[in-house]
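Peer 1: Starting off with a structure, shown below.
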Amino acid sequence: MANSLDGWKFTTQLTNFQCDDTLLYGCDPAGSACARDPQTVRTFCCDQTDVCWADIAVADSTTFKCQGKTATWDCIAGRERCDQSRDNACLSTLNNLLNDISRSTLNETYTSLSLAQPSATYLYFDAVALAAVASSISTSSMTSATSTPTTQSTSTTSAQDTISQSAFSTSSSATTNTAIAGEASNTSTPQVNHNNGLSGGAIGGIVVGGVAGISVLVLGIWFLARRRRQGRHSTTVTHDTKTDTGIPEQQPVQPPPELATGHMAAELRGTPYVPELPAYESHRT
């Protein structure tokens with residue numbers, strides 16, 4: 001912009017927050033920034049109160065005199081004016097672009113530049129671009145507001161009504177929720193008389209008890225069957241006892257008797273003595 005200052009920059013601690021040697025006072029960021037007149041190349045410190053001030057100018061054909069309370073000084077004619085609030089200061093008559101940039105945007109710009117250039121003596125930024133962005137946002141907001149048929153008074157009333165309705169809704173939320181829940185229950189689900197039947201807990205207890213009883217019965221049957229199998233196995237082992245050689249031990253067998261009676265036969269009783277028969281004497285020799 002031809003009627004605007006240029007060369008915008010933030011000061012840093014490395015320069016004692018001064019724009020240059022021509023300014024006796026500091027220009028603290030980020031609410032203030034340094035700029036220059038593109039024609040006279042004089043440096044100014046600008047803030048967002050539409051003030052861009054510089055020290056006195058060297059008297060020549062392009063300057064004019066300023067009369068203060070205690071002093072007189074020179075400023076550039078046609079581009080500066082006298083500062084009536086203090087002596088020995090000139091104010092620029094060019095456009096101060098900081099007026100078109102929000103304070104939050106300036107703070108964000110200064111922070112990002114400081115982090116990116118921690119050792120810089122000055123932090124330069126494009127005030128024209130920042131002002132253009134702010135202007136486009138403002139124009140868009142105005143266009144949107146113009147296209148909306150709602151007036152400011154209507155919006156205010158609507159906002160108040162919304163706040164009132166929100167407070168009422170908050171204070172009666174419990175009652176409303178209870179009423180809605182009751183209505184939904186009456187319309188979608190028939191009422192059940194719980195006094196004529198078992199409750200869900202009782203039914204669950206019966207089912208669990210039945211399952212537990214069946215489990216105990218099955219376990220008992222299995223235990224009895226196991227004991228019976230073990231008894232049979234023990235008997236079989238007793239009758240099939242084996243010797244050390246692995247051959248089943250055989251019981252001694254009594255020999256059968258000679259007679260069918262099963263008793264031992266005894267010899268017949270004999271005469272005690274058999275005498276010789278008497279011989280006739282005729283036969284003797």
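Residue 1 is where the sequence shown starts when you use UniProt numbering, and the numbers rise one by one after that. We put the CB at the ideal spot given by N, CA and C, even for glycine. Since we're looking at a predicted model, the values are computed, not measured.
Going straight from the alpha carbon of asparagine 107 to that of threonine 22, what length do you get?
Peer 2: Roughly 26 Å between the two C-alpha positions.
Peer 1: Cα separation between phenylalanine 64 and threonine 70?
Peer 2: 17 Å
Peer 1: For the alpha helix (DSSP H) containing serine 112, name the first residue and the last one.
Peer 2: 103-116
Peer 1: Please list, in chain order, all residues of the same chain as threonine 12 whose beta carbon is under 7 Å from its beta carbon, the five residues on each side excluded.
Peer 2: Ala120, Thr121, Tyr122 and Leu123.
Peer 1: If you run the structure through DSSP and keep just helix, strand and coil, what is alanine 30?
Peer 2: coil
Peer 1: Three-state secondary structure (DSSP) at serine 10?
Peer 2: Before going on, a small fix: residue 10 reads as phenylalanine here, not serine. Three-state DSSP puts phenylalanine 10 in a strand.
Peer 1: Is aspartate 83 near leucine 94, with beta carbons less than 7 Å apart?
Peer 2: The criterion of a C-beta distance shorter than 7 Å is not satisfied by aspartate 83 and leucine 94.
Peer 1: Does the segment 96-114 come close enough to the segment 70-79 that 3 or more CB-CB pairs lie under 8 Å?
Peer 2: no
Peer 1: Have a look at isoleucine 56 and aspartate 87 and give me their C-alpha separation to the nearest angstrom.
Peer 2: Distance between the alpha carbons of isoleucine 56 and aspartate 87: 9 Å.
Peer 1: Taking the beta strand (DSSP E) that leucine 123 falls in, what are its first and last residues?
Peer 2: Start and end: 122-124.
Peer 1: In whole angstroms, give me the CA-to-CA distance for aspartate 100 and glycine 68.
Peer 2: Taking the straight line from one Cα to the other gives about 31 Å.
Peer 1: What does DSSP give as the partner residues of arginine 226 in its beta bridges?
Peer 2: For arginine 226, which the question treats as bridged, DSSP gives no partner whatsoever.
Peer 1: Could you check which residue in Ala33, Ser61 and Ala225 has the C-alpha nearest to that of aspartate 50?
Peer 2: Ala33
Peer 1: Report the three-state DSSP secondary structure of isoleucine 214 (helix, strand or coil).
Peer 2: helix
Peer 1: Across which residues does DSSP place alanine 35 in a beta bridge pair?
Peer 2: Residue pairing from DSSP places alanine 35 in a beta bridge opposite Phe44.
Peer 1: What does threonine 72 pair with, by DSSP beta-bridge criteria?
Peer 2: Gln67
Peer 1: Considering only the alpha carbon of each residue, which of Gln39, Cys27 and Lys9 lies closest to phenylalanine 125?
Peer 2: Lys9
Peer 1: By DSSP's criteria, leucine 91 is part of a beta bridge. Which residues make up the other side?
Peer 2: Trp53 and Arg81
Peer 1: If leucine 5 and cysteine 46 are in contact, beta carbons under 8 Å, what's the gap, nearest whole angstrom?
Peer 2: 7 Å
Peer 1: Do you know offhand how far glycine 26's Cα is from threonine 109's?
Peer 2: 20 Å
Peer 1: By Cβ distance below 8 Å, which residues in the same chain neighbour glycine 213 in space, the five residues on each side in sequence not counted?
Peer 2: Shown here for glycine 213: not one same chain residue has a beta carbon closer than 8 Å to its own, the five before and five after excluded.
Peer 1: How would you label arginine 228, buried or exposed, when you count the other beta carbons within 10 angstroms and need 16 or more for buried?
Peer 2: exposed
Peer 1: Identify which residue in Thr43, Gly7, Gln117 and Gln48 has its Cα closest to the Cα of aspartate 20.
Peer 2: Thr43
Peer 1: Determine the direct distance from the alpha carbon of leucine 217 to that of isoleucine 206, and round the result to whole angstroms.
Peer 2: 16 Å
Peer 1: Closest to threonine 40 by CA distance: which of Asp28, Asp60 and Trp222 is it?
Peer 2: Each of Asp28, Asp60 and Trp222 was checked against the Cα of threonine 40, and the nearest Cα belongs to Asp60.
Peer 1: With a Cβ-Cβ cutoff of 7 Å, do tryptophan 53 and alanine 30 count as a contact?
Peer 2: no
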